[in-house]
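**Q** Each residue of the sequence shown is one higher than the one before, starting from 1 at the first, in UniProt numbering.
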Amino acid sequence: MEELDLILESVKQDMDAAVKHLDHAFQRIRAGRASTSMVQDVMVEYYGAMTPINQVANVSVPDAMTISIQPWDRTAINAIEKAIINSNLGFAPSNNGENIILNVPPLTEERRKELAKQAKVETENTKVTVRNARQDGLKELKKLDGVSEDVVKGVEEEIQTYTDKYVKLCDEHLKTKEAEIMKV
Numbered sequence: 001m002e003e004l005d006l007i008l009e010s011v012k013q014d015m016d017a018a019v020k021h022l023d024h025a026f027q028r029i030r031a032g033r034a035s036t037s038m039v040q041d042v043m044v045e046y047y048g049a050m051t052p053i054n055q056v057a058n059v060s061v062p063d064a065m066t067i068s069i070q071p072w073d074r075t076a077i078n079a080i081e082k083a084i085i086n087s088n089l090g091f092a093p094s095n096n097g098e099n100i101i102l103n104v105p106p107l108t109e110e111r112r113k114e115l116a117k118q119a120k121v122e123t124e125n126t127k128v129t130v131r132n133a134r135q136d137g138l139k140e141l142k143k144l145d146g147v148s149e150d151v152v153k154g155v156e157e158e159i160q161t162y163t164d165k166y167v168k169l170c171d172e173h174l175k176t177k178e179a180e181i182m183k184v
């Protein structure tokens, strides 16, 4: 029975991790307002090493349409600017010698639809991960010896219940994100 509990717990943890990853992916998809999470994945070449932007500069949001990046080392300002341009975020950084300002342009209808499609792709990928966790759990279940068929069927149904719950959760997250993206 302990092995069955471990299998169920493992499946649930994998599905939880998939949904957390989806939330993280959704944070990177902007919805009109400036946010520090828009640039959190930008890697800056700093003294020969690729370093996250938040480790070489202070990233802040002074207003709803602006991201301000103030490097702790002024010599890194050009490297930060280059990293932002190369990250394909769609921002044109302006540099005043002390900090970098990113103006977040309002989203066009076409860009909103493109972002909604991107959110759908992320959701589908997460659903695949959830289903893979189900498959892994079922494979582990089949490997067990000395467990009655009734118990195995019960655990299979529980795994399917988890799968249905997490797929529904993914759809709910998508619906919320789409509403956020499409809101003008």
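Using N, Cα and C, we set each Cβ at its ideal position, and we do this for glycine too.
With burial defined as no fewer than 16 other Cβ atoms inside 10 Å of the residue's Cβ, what is the status of Leu-6: buried or exposed?
**A** Classification of Leu-6: exposed, given that the 10 Å Cβ count is below 16.
**Q** Can you tell me where the beta strand (DSSP E) with Ile-69 in it begins and where it stops?
**A** 66-71
**Q** Can you tell me whether Asp-145 is helix, strand or coil according to DSSP?
**A** coil
**Q** How many angstroms separate the CA atom of Val-151 from the CA atom of Ile-159?
**A** 12 angstroms
**Q** Would you check whether the ligand ZN has a heavy atom nearer than 6 angstroms to the C-beta of Lys-165?
**A** The ligand content of the structure shown is nil, which means the ligand ZN is not present either.
**Q** Note down the Cα distance separating Ser-60 from Lys-177, rounded to an integer number of angstroms.
**A** 23 angstroms
**Q** Entirely within the stretch 101-144 and at least 4 residues each: give me those alpha helix (DSSP H) ranges in chain order.
**A** 109-143
**Q** Can you tell me which of the three DSSP states Met-1 falls into?
**A** coil
**Q** Just how far apart, CA to CA, sit Arg-74 and Lys-183?
**A** Straight-line Cα distance between these residues: approximately 38 angstroms.
**Q** Within 10 Å of its beta-carbon, does Leu-174 have 16 or more other beta-carbons around it, so buried, or fewer, so exposed?
**A** With 16 or more other Cβ atoms within 10 Å, it is buried.
**Q** Given Glu-81, which residues of its chain have a CB within under 7 angstroms of its CB, disregarding the five upstream and five downstream residues?
**A** Pro-93, Asn-95, Ile-100
**Q** Which whole-angstrom value describes the C-beta separation of Ile-53 and Val-42, a residue pair presumed to lie in contact below a C-beta threshold of 8 angstroms?
**A** Between Val-42 and Ile-53 the Cβ distance is about 4 angstroms, and since that is below 8 angstroms, they are a contact.
**Q** Pro-71: buried (16+ other C-beta within 10 angstroms of its C-beta) or exposed?
**A** Taking all protein chains shown into account, Pro-71 has 16 or more neighbouring C-beta atoms within 10 Å of its C-beta and is therefore buried.
**Q** How would you label Tyr-162, buried or exposed, when you count the other beta carbons within 10 angstroms and need 16 or more for buried?
**A** Tyr-162 counts as buried, since no fewer than 16 other beta carbons sit within 10 angstroms of its beta carbon.
**Q** Please state whether DSSP places Lys-59 in a helix, a strand or coil.
**A** It should be noted that the sequence gives Val, not Lys, for residue 59. Strand at Val-59.
**Q** Looking only at C-alpha atoms, which of Lys-127, Lys-153, Asp-145, Leu-138 sits nearest to Glu-172?
**A** Lys-127
**Q** Taking the alpha-carbon positions, what's the Glu-3 to Ser-87 distance?
**A** About 45 angstroms.
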